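Working notes, structure below.
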């Protein structure tokens, strides 16, 4: 589907056409799922944040001023939902690590504990950095596609990605030191 067709569907959906909204959902579902799943690392949580996002988008689409910004808008909402879920993960991190220790799992050897460490490192990023890492690393978008979604420049996206990965790496080094 080209950009003009997408824009037409957004305009129809904005005017209450549920069939047009369903087409947009079908168009973006796989990208949304990939983004949420790789961000959260959990199938059920990914489905939950997508459902919440779709409900928010459906109820708020009439407020979208620029139809051409639909994809970026829906991913910002999804990113916010993922961020909230990540905060839950981080708050549970110490409790889960204790449970793992009680069950004779070595923290560094257990994949779930390692995933929690990466999630904690991810949580240290600012909103923009999280969006870039989620789109490029977890969801597999390139810098051109990410720049388009975020209404930014490719060079800015690449340098922000590099800084964010460095920040995460430093956090992980400190966490294991």
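In the working numbering, the protein residues as written are 36 to 212. All C-beta atoms in this analysis are idealised placements derived from N, C-alpha and C, irrespective of residue type, glycine included. As the structure is a computational prediction, the values presented were derived from the model and not from experiment.
DSSP three-state assignment for residue i, whether helix, strand or coil
| i | result |
| --- | --- |
| residue 144 | Caution is warranted here: a pLDDT of 49 is assigned to residue 144, below 50, making its placement in the model unreliable, and the coordinate value is therefore given only provisionally. Residue state, collapsed to three classes: coil. |
| residue 80 | helix |
| residue 99 | coil |
| residue 194 | helix |
| residue 52 | coil |
| residue 121 | helix |
| residue 67 | helix |
| residue 41 | helix |
| residue 203 | helix |
Presumed contact (8 Å Cβ cut-off) between residue i and residue j, rounded CB distance
| i | j | result |
| --- | --- | --- |
| residue 167 | residue 195 | 5 Å |
| residue 70 | residue 169 | 6 Å |
| residue 88 | residue 67 | 7 Å |
| residue 110 | residue 192 | So it is not a contact: roughly 14 Å between Cβ atoms. |
Please list the segments of the alpha helix (DSSP H) lying wholly inside the region 145 to 187, counting only runs of 4 or more residues, in order along the chain. Taking only runs of at least 4 residues, the alpha helix (DSSP H) segments lying wholly in the region 145 to 187 are 146 to 158, 162 to 168 and 178 to 185.
For the region 184 to 203 against the region 85 to 93, are there 3 or more C-beta pairs whose distance is under 8 Å? Contact between the region 184 to 203 and the region 85 to 93 is absent: fewer than 3 CB-CB pairs across the two stretches fall below 8 Å.
Between the region 73 to 90 and the region 37 to 44, can you find at least three pairs of beta-carbon atoms closer than 8 Å? Between the region 37 to 44 and the region 73 to 90, the count of Cβ pairs shorter than 8 Å is below three; the stretches do not touch.
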